[in-house]
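K.L.:
To start, I am sharing the structure in question, which I have written as structure tokens.
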Amino acid sequence: MDKIKWVFNEMPKSEDKYLPLMETERIREVKAFHESFPQYTVTPLARLDGMAKRLGLGGLFVKDESWRFGLNAFKVLGGSFAMARYIAGETGKRIADMTYDYMTGEQLLKDFGQATFFTATDGNHGRGVAWAARKLGQKAVVHMPKDTVQMRYDNVAREGATVTIDNLNYDDCVRVAAKEAAETEHGIVLQDTAWEGYEEAPSWIMQGYGTLILEAAEQLRALEVNRPSHVFVQAGVGCLAGAVVGFFANLFPTEPPKFIVMEAEKAACLYEGACRKDGKPAVVGGDLETIMAGLACGEPNIISWDILRNHADAFLACPDWASAKGMRMLAAPVKGDPAVTSGESGAVGMGVVNALMTDPDYAELKEKLGLDSYSNVLLISTEGDTDPVKYREIVWDGKNG
Ligand SMILES: Cc1ncc(COP(=O)(O)O)c(C=O)c1O
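All the letters of the sequence shown, read from the start, carry residue numbers 7 to 407 under our numbering.
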């Protein structure tokens, strides 16, 4: 069995110009925007006391995004906020004016008209963009990489988007979406990854994710955990990880939690960048094969990268078994703990924390991270069973060992 690989962050710091994007006050505005949606509810924070005790931790908390807007994943938070920010900019309005009622009413079409939002996705982001576009009377065009499963395709198509599965990997689909947007009148690319010259929309998407993180911080506080000691966050392009780390780094500037960023080992571009130690982002190519479809991205979001290189503590490259194990543990936790339906890209944190706390091979990593019976660990289960067939193969039939 492959081992989890890790590297501690020894990169030189940058001027940290993107950190203010995730200031608490700004994220409060984002959350107020999402709160105006009739679909909005705070997603659960599962408190796994039995599991924490078993693993030798003080507390273990899992933010369960399978309940987000009925879409089974957190991603809609980013696409919807970015769309609202874009429209606010075009119409000279403030984000506070972008309520759900305004955005879904006749007035929006008079003020803004109709645009086409282009994006590439493994499934969850595109579904969120397509959902938001439909609600707002806008158009969406979605490109999906080869090997996309039918269910994920159907979920996007059901929202009325024009969707294709291309014979390309994720990063090449991003390029196709950007090219088509440039060639289309009133065409806008809405991508969760940033590159030189394309930074505005990804920064809004990152802020959009802030809603779930602010919720989690408030839920922890209600449980009298003022500050998590460790935050484990999974990464594809790293937009979510940048948001999570940026948010907590702003909230706890003097004593931040320890941040551990986890990627699928075949798509571990952030890990690769950290190994090089020069602070520059690295790219990983090829088929990016992993069961963690949402993490199969080989080119980092440069905004998130900048936040992570300044604030993340460690980067981990994780084999598929870690995620499969995490899915099973969350589905069948210690008696008395709530179960969490967590998909392949959602559960890797649980598998990793279990390995660190129980496998002597990771004793050094556990020790260096200071994980012990005083630790309060926060994990984010970013999706539910978005591929129900694979979910059952893994959780019920024991696939991926
Ligand atoms: C379920 C899930 N979790 C995590 C991620 C990773 O997010 P990011 O690409 O921002 O790193 C994704 C991305 O699509 C996802 O769909």
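Idealized CB from N, CA, C, for every residue including glycine.
Bear in mind the structure is a predicted one, so any value in this text is a computation, not a measurement.
Please report the residue range of the alpha helix (DSSP H) in which D70 lies.
P.N.:
For the purposes of this step, residue 70 is identified with residue 64 of the sequence shown, where counting begins at 1. Premise fails: D70 lies in the beta strand (DSSP E), G65 to D70, not in any alpha helix (DSSP H).
K.L.:
Quick one: give me the first and last residue of the beta strand (DSSP E) that E269 is part of.
P.N.:
Residue numbering aside, residue 269 sits at position 263 when the sequence shown is read from its first letter. That run of the beta strand (DSSP E) goes K264 to A270.
K.L.:
Kindly examine ligand 1 and report whether one of its heavy atoms sits closer than 7 Å to the Cβ of L77.
P.N.:
Position 71 of the sequence shown, counted from the first residue, corresponds to residue 77. L77: no, Cβ never under 7 Å from ligand 1.
K.L.:
Would you identify the three-state DSSP class for A353, choosing helix, strand or coil?
P.N.:
Start at 1 with the first residue of the sequence shown, and residue 353 comes out as number 347. Of the three classes helix, strand and coil, the one that applies to A353 here is coil, per DSSP.
K.L.:
How would you write the range of the alpha helix (DSSP H) that H40 sits in, first residue to last?
P.N.:
Residue numbering aside, residue 40 sits at position 34 when the sequence shown is read from its first letter. Counting along the chain, the alpha helix (DSSP H) containing H40 begins and ends at T30 to E41.
K.L.:
For D160, is the classification buried or exposed, using 16 other Cβ atoms within 10 angstroms of its Cβ as the cut-off for buried?
P.N.:
Here residue 160 is taken as the residue at index 154 of the sequence shown, counted from 1. Under this definition D160 is an exposed residue.
K.L.:
Could you pull out every unbroken beta strand (DSSP E) segment of at least 3 residues lying fully inside the region 247-314, listed in chain order?
P.N.:
For the region 247-314, whole beta strand (DSSP E) runs of length 3 or above, ordered along the chain, are 264-270.
K.L.:
According to DSSP, which residues form a beta bridge with G244?
P.N.:
Numbered from its first residue, the sequence shown carries residue 244 at position 238. G244 is not bridged to any residue.
K.L.:
For D365, which residues from the same chain have a beta carbon less than 6 Å from its beta carbon, with the 5 sequence-adjacent residues on both sides left out?
P.N.:
Position 359 of the sequence shown, counted from the first residue, corresponds to residue 365. No residues qualify anywhere along the chain.
K.L.:
Please enumerate, following chain order, all residues with a beta carbon closer than 6 Å to at least one heavy atom belonging to ligand 1.
P.N.:
Result: A79, K81, D128, N130, H131, D198, Q240, A241, G242, V243, G244, C245, L246, A247, G300, L301, C303, S351, G352, T388 and E389.
K.L.:
Looking only at its own chain, which residues have a Cβ that is under 7 Å from the Cβ of P339, when we skip the five neighbours before and after it?
P.N.:
Working through the sequence shown from its first residue, we reach residue 339 at position 333. Here the set comprises L54, G56, M57 and A345.
K.L.:
Distance check for G62 and C303, CA to CA, integer angstroms please.
P.N.:
As a first step, residue 303 must be located in the sequence shown, where it is residue number 297. As a first step, residue 62 must be located in the sequence shown, where it is residue number 56. Each residue's alpha carbon lies about 33 Å from the other.
K.L.:
Starting from V155 and walking both ways along the alpha helix (DSSP H), at which residues does that stretch end?
P.N.:
As a working note, residue 155 is residue 149 in the sequence shown. Per DSSP, V155 belongs to no alpha helix (DSSP H) and is neither H nor E.
K.L.:
Going by C-alpha to C-alpha distance, which of E206, D393 and V239 sits closest to L27?
P.N.:
The residue labelled residue 27 in the question sits at position 21 within the sequence shown. Among E206, D393 and V239, the Cα nearest to that of L27 is on E206.
K.L.:
Pop quiz: D312 and S20 are said to be a contact at Cβ under 8 Å. What is the actual Cβ separation, rounded to whole angstroms?
P.N.:
To locate residue 312, count along the sequence shown from 1; it is residue 306. To locate residue 20, count along the sequence shown from 1; it is residue 14. About 6 Å separates the two Cβ atoms, so the contact holds.
K.L.:
What is the rounded straight-line gap between the Cα of S329 and the Cα of R233?
P.N.:
Position 323 of the sequence shown, counting from 1, holds the residue named residue 329. Position 227 of the sequence shown, counting from 1, holds the residue named residue 233. Rounded to whole angstroms, S329 to R233 spans 26 Å at the Cα level.
K.L.:
Kindly give me the distance between the Cβ atoms of L174 and G143, rounded to whole angstroms, as I take these residues to be in contact under 8 Å.
P.N.:
By 1-based counting over the sequence shown, the position of residue 174 is 168. By 1-based counting over the sequence shown, the position of residue 143 is 137. Incorrect: roughly 30 Å between the Cβ atoms, too far for contact.
K.L.:
Please look up how many angstroms separate the CB atoms of F238 and L385, rounded, as I've assumed it's under 8 Å.
P.N.:
In the sequence shown, residue 238 corresponds to position 232, counting from 1. In the sequence shown, residue 385 corresponds to position 379, counting from 1. Contact holds; Cβ gap of about 5 Å.
K.L.:
Let's see if you can read the secondary structure: which residues bound the alpha helix (DSSP H) around T97?
P.N.:
What you label residue 97 is simply residue 91 of the sequence shown in a count that begins at 1. Its alpha helix (DSSP H) spans residues V82 to T97.
K.L.:
So the candidates are D319, Q213 and E271; which of them puts its Cα closest to the Cα of K283?
P.N.:
Here residue 283 refers to the residue found at position 277 of the sequence shown. The shortest C-alpha separation from K283 is found at D319.
K.L.:
Kindly give me the distance between the Cβ atoms of I219 and A249, rounded to whole angstroms, as I take these residues to be in contact under 8 Å.
P.N.:
As a position in the sequence shown, residue 219 is number 213, starting the count at 1. As a position in the sequence shown, residue 249 is number 243, starting the count at 1. Going by Cβ atoms, the distance from I219 to A249 rounds to 6 Å, so yes, they are a contact pair.
K.L.:
For E221, which residues from the same chain have a beta carbon less than 6 Å from its beta carbon, with the 5 sequence-adjacent residues on both sides left out?
P.N.:
Taking the sequence shown and counting its residues from 1, one reaches residue 221 at position 215. So the qualifying residues of the chain are V48.
K.L.:
Exposed or buried, what is S379 when buried is set at 16 or more other beta-carbons lying within 10 Å of its beta-carbon?
P.N.:
What you label residue 379 is simply residue 373 of the sequence shown in a count that begins at 1. So S379 ends up on the exposed side.
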